[in-house]
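Asks: Have a look at this one before I ask anything.
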Amino acid sequence: MDFDPSSDYPLGTRRPDLVTTPSGKPLASVTLDALRSGELTADDLRATPETLRRQAAVAQAAARPQLAQNLARAAELSAVPREVMLEIYTALRPHRSSSSELEAWAERLEHEYGAHLNATFVREAAGVYARRGLLAGERAAL
Amino acid sequence: MSTPAAGSSPVSGQRSRRFTSREGRELRREPLIAPEPELGLVALNGPGDPEPGLELADGRIVAIDGRAEDEWDVIDHFIARHGLDLDVAAEAAGIEDVELARRLVDVDVPREELVRLSRGLTPARLARVVGLLDPVELMFALKKLRARRRPANQAHVTNLKENPALLAADAAEAAARGFAELETTVGVSRYAPLNAMALLVGSQTGRSGVMTQCAIEERRSLALAIQGLTTYAETLSVYGTEPVFVDGDDTPWSKAFLASAYASRGVKVRFTSGGGSEALMGHAQGCSMLYLEARCLATIRAAGSQGVQNGSISCVALVLSLPGGTRAILAENVLAAWLDLEVASGNDAIASHSPTRRAAKLMGQFLPGTDFVTSGYSIMPREDNMFGGGNYDADDIDEWLTLQRDWGVDAGIEPLAEGEAVRVRERAARAIQAVFARFGFPPISDEEVEAATYGRDSSELPDRDRAADVTAADRVLAEEISGLDLARALDGSGFGDIAEAVLGIQRQRIAADYLQTSAVIDPDGAVESAVSDPNRYTGPGTGYRLEGERRARLEALPHVLRARDLVENGAAERPPVVVELGEALPGVAPDDVVIAVGPAFGTALHETIGGLSHRAVLEALLEGVRAGGAEPRLVRVRRVSDVAFVGHDGARISGSGVAVGLQSKGTALIHRADLQPLDNLELFGMAPLLTLDSYRAIGQNAAGYALGNRVGPVPTRLDNFARAKSIVRTTLLHARETEAIVRAAPPLELALAPLT
């Protein structure tokens with residue numbers, strides 16, 4: 000059955016057939032017995048990019064476009080390692096990066112992780128930071 | 000401007016003791032100030048707030064609230080790119096401010112329509128429209144605009160010693176009391192992993208599905224969430240001016256990116272903002288707190304956050320120093336809800352020294368209900384609150400529960416019997432003890448478990464080896480000990496049900512349903528959010544209503560008494576105080592003073608509300624009348640229970656015309672036959688305060704009136720709280736007296752029963 004974002008929420012109870020762990024295990028297999036027999040790892044306990052995209056669709060269907068955008072960016076970031084994510088976050092803080100450094104992050108997001116929405120987001124920030132004196136080495140006159 | 004007005008001190012220089020007495024009250028420990036708009040010290044509708052406006056050219060925004068694009072700061076840029084729907088903006092521009100404000104309180108305009116319109120409104124417009132609402136309108140708007148149908152609450156769980164057994168016990172009690180989210184923080188940041196673990200284990204002991212967080216620096220916070228030790232974060236702060244945002248070392252883009260990063264790992268995120276922070280940090284740019292909060296909220300929605308904790312939060316006392324502060328804070332909450340954000344509505348930091356003022360402030364959120372009525376109710380005593388909070392704490396729980404019961408309102412806290420509280424506390428402390436043992440962490444002693452179970456606060460717990468604890472905490476991060484490891488450790492230690500609950504929380508991340516707006520998790524694992532359980536309030540009979548089983552549960556406080564237990568029972572088995580001698584005839588002797596008692600006196604009831612035995616009271620009255628030189632006669636009036644008529648009936652058959660009327664509960668008066676029944680010579684209404692000496696004096700005065708002597712009134716005491724304390728028992732005792740009425744029956748002559 001196709002996914003209907005306006006009626007299939009909560010996914011966990013209404014469409015468990017669509018929800019799997021990153022290693023492909025069905026939701027129902029995440030049990031104490033499976034834990035005891037060593038079948039579960041911490042990596043199983045994450046949403047897949049697909050699930051996050053479905054949540055984005057649910058948000059969109061509920062007339063929450065910005066939340067949908069956030070979840071769509073999150074779906075892309077689920078493939079990005081934690082340390083890299085934190086580096087990008089730091090790079091986006093005020094006065095941390097030059098335009099070209101932010102552009103380099105945008106390219107990496109795009110090419111290494113296929114994270115196009117995030118790349119656009121970083122480029123957009125770079126443009127505004129340049130206008131507001133928020134790039135590295137700049138101190139905005141307060 | 001802030002100089003006290005002329006006439007504020009007496010010309011004589013002598014102080015009024017009424018004024019100095021008031022100056023000593025708790026309220027006066029916090030200053031009130033007149034607005035200083037240039038410093039941002041104005042709560043709402045500030046003279047420096049920009050005129051609302053949105054200019055479009057060629058389908059793009061070129062000016063927001065009077066600022067052209069080349070003057071935009073980073074916040075304007077962010078809102079322009081992500082925060083406004085231009086089609087709606089064009090529509091909303093054609094609606095007057097007051098018309099928008101009216102729609103906010105019009106039950107026939109649904110929430111979805113208001114949320115849709117909000118997408119076209121600039122911050123200045125938003126602030127102006129909610130600024131038109133009065134307090135009751137704000138509360139009504141909040142009730143209507145809340146995202147999730149059912150209100151909930153969040154607890155703070157910390158202690159000064161960062162003791163894991165106490166954290167787990169407190170978390171368990173909070174969860175068992177119905178809090179949907181628990182938040183901890185740390186004094187020493189390296190402790191965070193242990194605190195998060197204790198909170199997770201404790202919360203799932205109290206009730207499965209409770210969400211937890213540990214408020215710390217972002218890098219560590221994300222690590223804990225990824226390891227499955229926490230489920231949500233609300234530390235993403237936003238400010239309403241660029242300099243403060245930058246001083247906070249962030250921009251709207253960095254914060255929005257971080258929010259997506261959290262979501263990518265299945266972590267629920269809520270932003271934080273609140274009026275007064277910009278003024279406090281020195282860059283309010285001459286704008287009102289509410290307008291700057293509107294900018295924060297527009298940014299937060301634009302960032303794609305599902306929700307916010309706002310309502311001034313830690314700056315609450317600053318906002319409350321200004322006129323309209325309480326109202327502005329409520330207006331902030333309303334704005335957040337209008338922007339379709341989940342709202343955790345403050346009430347965590349201490350708002351005032353004055354309990355009256357704190358409670359008055361609380362009602363704005365408590366009565367309409369919000370997604371989380373507080374963004375941290377201190378489940379432990381204030382001294383252990385590491386958030387600097389504790390506006391409401393462990394000692395106030397009964398007050399909170401009573402207020403819920405008084406108003407018939409669900410503000411997210413459930414009553415919990417002492418036995419059950421102790422049981423879950425001990426179990427949680429035992430569970431974390433077992434987990435520590437399993438991981439080879441510094442042991443938790445039985446003494447700690449005991450003190451965590453029964454103690455009041457952390458001062459009762461032994462000190463731990465902090466250095467060893469910190470080393471263990473480092474191991475949690477270094478070895479990436481996860482929520483799964485925790486479940487395994489619990490399962491292996493005989494805590495299978497807690498292991499199941501901890502695993503259940505981990506399982507939630509896979510479907511990530513709780514990333515939708517305003518999500519909480521039921522004990523059975525179902526996610527309740529604004530998508531699955533939206534607030535569709537459209538007037539009486541709709542929306543969330545406290546009824547049925549839930550109502551009964553919130554009304555049944557552990558200390559509620561059965562009415563019939565409040566008055567003595569089994570009186571029939573007790574020996575009678577008086578014996579009845581037949582119909583009482585009119586007396587003729589001029590020194591005859593009747594002591595007329597009520598229908599239940601000495602039979603169905605045996606003591607007064609003040610705990611005096613009826614025999615002792617009668618003896619005192621008899622003694623008093625005799626000491627006054629008159630002859631007492633005991634009579635029971637059966638046809639009425641009201642003290643005035645009991646006394647008057649007695650007076651009518653008294654030879655002297657004077658009688659003492661006495662109800663079973665102890666209320667007495669002195670009456671005279673020629674007076675109207677509701678008049679009297681002396682009335683002693685404060686029955687709980689009467690002593691045997693009082694009754695003796697009453698008898699003596701009655702004799703004095705009978706013999707025509709000069710009589711000074713019996714001295715009585717005044718306790719204005721007597722009624723609050725006693726009115727329930729008064730009612731029940733009077734009901735017993737009334738039950739004993741024999742209609743139209745003549746009075747009976749009595750004698751004291753012989754002592755057995």
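Sequence lines, in order, name chains A and B. Numbering-wise (numbering that gives the first Met the number 0), the first sequence opens with residue 0 and increments by one. Numbering-wise (numbering that gives the first Met the number 0), the second sequence opens with residue 0 and increments by one. Backbone N, C-alpha and C fix where the C-beta goes; we use that ideal spot for every residue, glycine too.
How about residue 749 (chain B) and residue 630 (chain B): are their beta carbons less than 7 angstroms apart?
Replies: The residue labelled residue 749 (chain B) in the question sits at position 750 within the second sequence. The residue labelled residue 630 (chain B) in the question sits at position 631 within the second sequence. It is not a contact, given that the beta carbons lie outside the stated cut-off.
Asks: Taking 7 angstroms as the threshold (beta carbon to beta carbon), is residue 112 (chain A) in contact with chain B?
Replies: Along the first sequence, one-based indexing puts residue 112 (chain A) at 113. With 7 angstroms as the cut-off, residue 112 (chain A) does not count as an interface residue toward chain B.
Asks: Please check if any C-beta of chain B sits within less than 7 angstroms of the C-beta of residue 66 (chain A).
Replies: Counted from its first residue, the first sequence places residue 66 (chain A) at position 67. Closer than 7 angstroms: yes.
Asks: Looking only at its chain, what residues have a beta carbon closer than 8 angstroms to the beta carbon of residue 695 (chain B), apart from the 5 residues adjacent to it on each side?
Replies: Within the second sequence, residue 695 (chain B) is the residue found at index 696, counting from 1. Only 619, 620, 622, 623, 626 meet the Cβ criterion.
Asks: In the DSSP output, which residue or residues are listed as bridge partners for residue 67 (chain B)?
Replies: As a working note, residue 67 (chain B) is residue 68 in the second sequence. BP columns for residue 67 (chain B) point to B:62.
Asks: Which same chain residues end up closer than 8 angstroms to residue 269 (chain B) when comparing Cβ atoms and leaving out the 5 residues on each side of it in sequence?
Replies: Translated into the one-based positions of the second sequence, residue 269 (chain B) becomes position 270. 231, 232, 233, 235, 304, 305, 306, 307, 308, 341, 343, listed in sequence order.
Asks: Between the beta-carbon of residue 399 (chain B) and the beta-carbon of residue 412 (chain B), is there less than 7 angstroms?
Replies: Here residue 399 (chain B) corresponds to residue number 400 of the second sequence, with the count starting at 1. Here residue 412 (chain B) corresponds to residue number 413 of the second sequence, with the count starting at 1. In this structure, residue 412 (chain B) lies closer than 7 angstroms to residue 399 (chain B) by Cβ.
Asks: Let's see if you can read the secondary structure: which residues bound the alpha helix (DSSP H) around residue 225 (chain B)?
Replies: Translated into positions along the second sequence, residue 225 (chain B) becomes position 226. From DSSP, the alpha helix (DSSP H) with residue 225 (chain B) extends over 217-225.
Asks: Starting from the C-beta of residue 596 (chain B), find all residues in its chain whose C-beta is less than 6 angstroms away, skip the five residues before and the five after it, and write them out in chain order.
Replies: Counting from one through the second sequence, the residue named residue 596 (chain B) turns up at place 597. Taken in chain order, the residues that qualify are 635, 661.
Asks: Alpha carbon to alpha carbon, how far is residue 250 (chain B) from residue 118 (chain A)? Give it in angstroms, no decimals.
Replies: Walking along the first sequence from the start, residue 118 (chain A) turns up at place 119. Walking along the second sequence from the start, residue 250 (chain B) turns up at place 251. So the alpha carbons of these two residues sit roughly 17 angstroms apart.
Asks: So what's residue 295 (chain B) in DSSP terms, helix, strand or just coil?
Replies: Along the second sequence, one-based indexing puts residue 295 (chain B) at 296. Of the three classes helix, strand and coil, the one that applies to residue 295 (chain B) here is helix, per DSSP.
Asks: Taking the alpha-carbon positions, what's the residue 19 (chain A) to residue 130 (chain A) distance?
Replies: Taking the first residue of the first sequence as 1, we reach residue 19 (chain A) at position 20. Taking the first residue of the first sequence as 1, we reach residue 130 (chain A) at position 131. Near 44 angstroms, if we compare the C-alpha coordinates of residue 130 (chain A) and residue 19 (chain A).
Asks: In whole angstroms, what is the alpha-carbon distance linking residue 703 (chain B) and residue 733 (chain B)?
Replies: As a working mapping, residue 703 (chain B) is identified with position 704 in the second sequence. As a working mapping, residue 733 (chain B) is identified with position 734 in the second sequence. Straight-line Cα distance between these residues: approximately 29 angstroms.
Asks: So does the region 111-126 of chain B actually touch the region 84-99 of chain B, counting three or more Cβ pairs closer than 8 angstroms?
Replies: Yes, the region 111-126 of chain B touches the region 84-99 of chain B.
Asks: The alpha helix (DSSP H) spanning residue 175 (chain B) covers which residue range?
Replies: The residue you call residue 175 (chain B) lines up with position 176 of the second sequence. Segment 163-175, the alpha helix (DSSP H) holding residue 175 (chain B).
Asks: At a Cβ threshold of 7 angstroms, is residue 31 (chain A) touching chain B?
Replies: Stepping through the first sequence from its first residue, residue 31 (chain A) is reached at position 32. Interface residue, yes.
Asks: Reducing DSSP to helix, strand and coil, say where residue 671 (chain B) ends up.
Replies: As a first step, residue 671 (chain B) is located in the second sequence; it is residue number 672 there, counting from the start. Of the three classes helix, strand and coil, the one that applies to residue 671 (chain B) here is strand, per DSSP.
Asks: Check residue 1 (chain B) in the structure and name its three-state DSSP category.
Replies: Taking the first residue of the second sequence as position 1, residue 1 (chain B) is located at position 2. For residue 1 (chain B), the pLDDT reaches just 46, beneath the cut-off of 50, and the residue's location in the model is therefore unreliable, although a value from the coordinates is still provided. In this structure, residue 1 (chain B) counts as coil in the three-state DSSP scheme.
Asks: List the residues of chain B whose Cβ lies closer than 7 angstroms to the Cβ of residue 84 (chain A), in chain order.
Replies: Within the first sequence, residue 84 (chain A) is the residue found at index 85, counting from 1. What residue 84 (chain A) touches in chain B: 260.
Asks: Please give the ranges of any alpha helix (DSSP H) in the region 346-394 of chain B, keeping only runs that are unbroken, at least 4 residues long and fully inside the region.
Replies: For the region 346-394 of chain B, whole alpha helix (DSSP H) runs of length 4 or above, ordered along the chain, are 354-365.
Asks: For a contact meaning CB atoms closer than 9 angstroms, what does residue 256 (chain B) contact in chain A?
Replies: Position 257 of the second sequence, counted from the first residue, corresponds to residue 256 (chain B). Neighbours of residue 256 (chain B) on chain A, chain order: 72, 76, 84, 87, 88, 91, 117, 120, 121, 124.
Asks: Does residue 140 (chain A) have its Cβ less than 7 angstroms from a Cβ in chain B?
Replies: Working through the first sequence from its first residue, we reach residue 140 (chain A) at position 141. Its pLDDT being 43, under 50, residue 140 (chain A) is placed unreliably by the model, and nothing is read from it.
Asks: Near residue 415 (chain B), which residues of its chain fall below 6 angstroms by C-beta distance, leaving aside the five closest residues on each side in sequence?
Replies: Here residue 415 (chain B) corresponds to residue number 416 of the second sequence, with the count starting at 1. If we look at residue 415 (chain B) and ignore the five residues flanking it on each side, its Cβ neighbours are 175, 176.
Asks: Could you spell out the range, first to last residue, of the beta strand (DSSP E) harbouring residue 231 (chain B)?
Replies: Locating residue 231 (chain B) in the second sequence gives position 232, counting from the first residue. Run containing residue 231 (chain B): 231-236, per the beta strand (DSSP E) assignment.
Asks: Spatial neighbours of residue 716 (chain B) within its chain, please: C-beta separation below 8 angstroms, excluding the five flanking residues on both sides.
Replies: As a position in the second sequence, residue 716 (chain B) is number 717, starting the count at 1. Same-chain partners within the cutoff: 685, 688.
Asks: For the putative contact between residue 27 (chain A) and residue 15 (chain A), defined by C-beta atoms under 8 angstroms, what is the C-beta separation to the nearest angstrom?
Replies: Against the first sequence, residue 27 (chain A) aligns to sequence position 28. Against the first sequence, residue 15 (chain A) aligns to sequence position 16. Right, the Cβ-Cβ distance comes to about 6 angstroms (below 8 angstroms), so this counts as a contact.
Asks: In the region 471-514 of chain B, which residue ranges form an unbroken alpha helix (DSSP H) of at least 4 residues, counting only runs that do not cross its ends?
Replies: Runs found: 482-491, 495-510.
Asks: Assign residue 28 (chain A) to one of three DSSP states: helix, strand, or coil.
Replies: Residue 28 (chain A) sits at position 29 when you count from the first residue of the first sequence. Three-state DSSP puts residue 28 (chain A) in a helix.
Asks: Applying the criterion that 16 or more other CB atoms from any shown protein chain within 10 Å of the CB defines a buried residue, is residue 110 (chain A) buried or exposed?
Replies: Start at 1 with the first residue of the first sequence, and residue 110 (chain A) comes out as number 111. Flag for residue 110 (chain A) reads exposed.
Asks: Does the distance from the C-beta atom of residue 300 (chain B) to that of residue 338 (chain B) stay below 7 angstroms?
Replies: In the second sequence, residue 300 (chain B) corresponds to position 301, counting from 1. In the second sequence, residue 338 (chain B) corresponds to position 339, counting from 1. Yes; because the gap between Cβ atoms is below 7 angstroms, this pair is in contact.
Asks: Does DSSP put residue 589 (chain B) in a helix, a strand or coil?
Replies: For the purposes of this step, residue 589 (chain B) is taken as the residue at position 590 of the second sequence. Reduced to three states, the DSSP call for residue 589 (chain B) is coil.
Asks: Using 7 angstroms as the limit for Cβ to Cβ distance, is residue 303 (chain B) near chain A?
Replies: On the second sequence, position 304 is the one that residue 303 (chain B) refers to. With 7 angstroms as the cut-off, residue 303 (chain B) counts as an interface residue toward chain A.
Asks: Just the chain A side, please: which residues come within less than 8 angstroms of residue 215 (chain B) by C-beta, in chain order?
Replies: What you label residue 215 (chain B) is simply residue 216 of the second sequence in a count that begins at 1. The premise fails here: residue 215 (chain B) is roughly 14 angstroms from chain A at the closest Cβ pair, so nothing lies under 8 angstroms.
Asks: Report yes or no: is there a C-beta of chain A within less than 7 angstroms of the C-beta of residue 0 (chain B)?
Replies: Against the second sequence, residue 0 (chain B) aligns to sequence position 1. Because residue 0 (chain B) carries a pLDDT of 43, less than 50, the predicted location of this residue cannot be relied on, and the following value inherits that uncertainty. Chain A, which has no Cβ nearer than 7 angstroms to the Cβ of residue 0 (chain B), makes this no.
Asks: Counting only beta-carbon separations shorter than 7 angstroms, does residue 364 (chain B) have a partner in chain A?
Replies: Translated into positions along the second sequence, residue 364 (chain B) becomes position 365. Not closer than 7 angstroms to any Cβ of chain A, the Cβ of residue 364 (chain B) fails to qualify, so no.
Asks: For residue 608 (chain B), which of helix, strand or coil comes out of DSSP?
Replies: Position 609 of the second sequence, counted from the first residue, corresponds to residue 608 (chain B). Coil at residue 608 (chain B), not helix or strand.
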